[in-house]
Structure formats: C-alpha cells, structure tokens
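With the working numbering, letter number 176 in the sequence shown gets 177, and the count goes up by one each step, no holes. Think of the CB as a built atom: it goes at the ideal place given N, C-alpha and C, for glycine as much as any other residue.
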Amino acid sequence: MRINKYIAQAGIASRRKADELIINGNVRVNGAVLKEPGYDVKDDDVVEVNGRCIRAEEKKVYILLHKPVGYLTTVSDDKERNTVMDLVGDVEARIFPVGRLDYNTSGMLIMTNDGDFAYRLTHPKHEMPKTYRARVAGVLSREKCARLEQGVDIGGFVTSKAKVSVVKGLPRTTIVDITIHEGKNRQVRKMFKAVGNPVQDLSRIAIGAVHLGRLSEGHYRKLTREEIEYLKNC
Ligand code: URA
Numbered sequence: 002m003r004i005n006k007y008i009a010q011a012g013i014a015s016r017r018k019a020d021e022l023i024i025n026g027n028v029r030v031n032g033a034v035l036k037e038p039g040y041d042v043k044d045d046d047v048v049e050v051n052g053r054c055i056r057a058e059e060k061k062v063y064i065l066l067h068k069p070v071g072y073l074t075t076v077s078d079d080k081e082r083n084t085v086m087d088l089v090g091d092v093e094a095r096i097f098p099v100g101r102l103d104y105n106t107s108g109m110l111i112m113t114n115d116g117d118f119a120y121r122l123t124h125p126k127h128e129m130p131k132t133y134r135a136r137v138a139g140v141l142s143r144e145k146c147a148r149l150e151q152g153v154d155i156g157g158f159v160t161s162k163a164k165v166s167v168v169k170g171l172p173r174t175t176i177v178d179i180t181i182h183e184g185k186n187r188q189v190r191k192m193f194k195a196v197g198n199p200v201q202d203l204s205r206i207a208i209g210a211v212h213l214g215r216l217s218e219g220h221y222r223k224l225t226r227e228e229i230e231y232l233k234n235c
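Encoded structure:
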C-alpha cells in the first residue's frame, strides 16, 4: 500500500497531509527518514510518524464469488493449480476464502479480510444453513428424500436434519436442492452416495438467506451492507 494511503488508513492524516509529513521528513520507515513519497509499504515495515509507530487498518472487504469447477479454495497451492485467488486479483485487500468448496464443486464462496466475520460464519456452533443444488444419478424417491432429511450415516457420522426438495426429476437423473447445517468434508456428495444416488454435479446456491443469484461463473460482487449485517448477526 502506498505510504500516504497507509498513513491515512492509520487515522493520522489525510493523504494530502501525509504527503506533507513525508516531504517535511516526519515519516520514518524501518528507522530511516523516508525520502520517497510514492513508497510502497511492505508487510513487515515499521512505519513511524513524528516518532510514533503507526499501523494501517485495512478496510474490511466482503465479496461473493461464483467459484467455477477446477479452482482450489485456498490462498496458494504449491503445485501451482488454479486457486480462487486467481479470480479476485484486482481486489486490493488481502482477502481469503471463508470455508471451502471442493475442487469439483462450483457456486457461492464468500471472501473477506475480516477474520472475526470468517470465524463466526464457519464456526459449527452457528450452524449456518448452506443450500446446494445437485444433479444426482437416478431417481430420488420420496423415501430417500425423507432419509436424507432425517440424517444419514456418511461413515462414522450421522448428519443432522436437512431440507431436501426435488427441482426436477428426469428419467436418469434428478435435480435437487439440499440445505444442510454442518460442513463435514464432501458432506453433500457423501449424503447422496449413502442413499445410492451419487452426485454428478454440485453447486452451492445460498448461504443462509444470501443467494448466488445470476452472478456468472468466475465473477464476483461485493456483498451489500444488508447482507454483511445479516451474516454477522445470524
Ligand atoms: N459438500 C460437498 O460434498 N462438497 C462441497 O464442496 C460442499 C459441500
């Protein structure tokens, strides 16, 4: 971040006043008086203004990304595979994904630089409902829907109550929405496998009452103030 913006975000002065402070020799970086007004502050730089250490508060950023299949939900990958960070390169803040979606799952992913917000949203005690649209193999009978709703054993863990609603029944596949309250690894895939209808395609379409809507794959938008407040309080 440019030094004048850094000083402004630390609440010391406006950007213009910050430039004056730099010109007047009131700003030190790592102990040395700063001579360069366009200096780009690095993560571990120690910045002082008039002899006092300052730290910029990065503005909180909340975005909703439509993750495509074929992207990892991580900040980096040592095998250099695509990650969701590749899709938000023009966001200036140091955002990270909240929770995860499988490599082969698409849909709604929230990203932020607000650690408290991310912690709240992913903590099991908040039981944030998440809705997925799945295309599963075969016909999903009413009896199977009821089993999924009551809870199924996905290998040493019985899922809690879920909501299941068939969107479209086709001869060989079924399109179905499922809302769950936990976030076990590959949970939705395991649930459908447990009733004999393996997932062919999976997308997260909502977190709580916040919906993916018509956002195109690979694109993102900022969460609205109302959505942020809602997610912070539910
Ligand atoms: N359940 C899954 O099986 N995969 C996901 O990515 C999310 C939920």
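Should residue i go down as buried or exposed, given a rule of 16 or more other Cβ atoms within 10 Å for buried?
i	result
residue 96	buried
residue 204	buried
residue 134	buried
residue 5	buried
residue 190	buried
residue 24	exposed
residue 225	exposed
residue 43	exposed
residue 131	buried
residue 48	buried
residue 236	Nothing about residue 236 can be read from this structure; the chain reaches only from 2 to 235.
Taking Cβ positions, are residue i and residue j nearer each other than 8 Å?
i	j	result
residue 84	residue 99	no
residue 178	residue 166	yes
residue 126	residue 158	no
residue 106	residue 137	no
residue 210	residue 109	no
residue 198	residue 122	no
residue 128	residue 182	yes
Taking the straight line between their C-alpha atoms, what separation do you get for residue i and residue j?
i	j	result
residue 101	residue 218	16 Å
residue 170	residue 192	18 Å
residue 195	residue 56	51 Å
residue 79	residue 86	14 Å
residue 200	residue 119	28 Å
residue 115	residue 235	16 Å
residue 67	residue 11	33 Å
residue 160	residue 188	9 Å
residue 230	residue 117	13 Å
residue 232	residue 124	13 Å
residue 1	residue 26	The shown model of the chain, from 2 to 235, leaves out residue 1, and the question about it has no answer.
residue 172	residue 202	16 Å
residue 139	residue 90	40 Å
residue 52	residue 15	18 Å
residue 37	residue 58	22 Å
residue 156	residue 180	20 Å
residue 77	residue 7	26 Å
residue 220	residue 168	25 Å
residue 111	residue 81	22 Å
residue 94	residue 13	20 Å
Mind reading off the beta-carbon distance from residue i to residue j? Whole number of angstroms is fine, and I expect it under 8 Å.
i	j	result
residue 88	residue 50	Rounded, the Cβ-Cβ distance is 36 Å, inconsistent with contact.
residue 19	residue 33	So it is not a contact: roughly 17 Å between Cβ atoms.
residue 46	residue 30	5 Å
residue 151	residue 164	Contact flag wrong, Cβ pair sits at about 11 Å.
residue 3	residue 41	6 Å
residue 222	residue 213	10 Å between Cβ atoms; not a contact.
Could you tell me whether the Cβ of residue i comes closer than 8 Å to any Cβ of chain D?
i	result
residue 226	Looking for chain D here will not work: only one protein chain is present.
Quiz item: How do the stretch 102-109 and the stretch 57-74 stand: do at least 3 beta-carbon pairs fall below 8 Å, yes or no?
Solution: Cβ pair count under 8 Å is three or more, so yes.
Quiz item: Per the contact definition of three or more C-beta pairs closer than 8 Å, is the stretch 58-68 in contact with the stretch 142-152?
Solution: Contact between the stretch 142-152 and the stretch 58-68 is absent, with fewer than three C-beta pairs closer than 8 Å.
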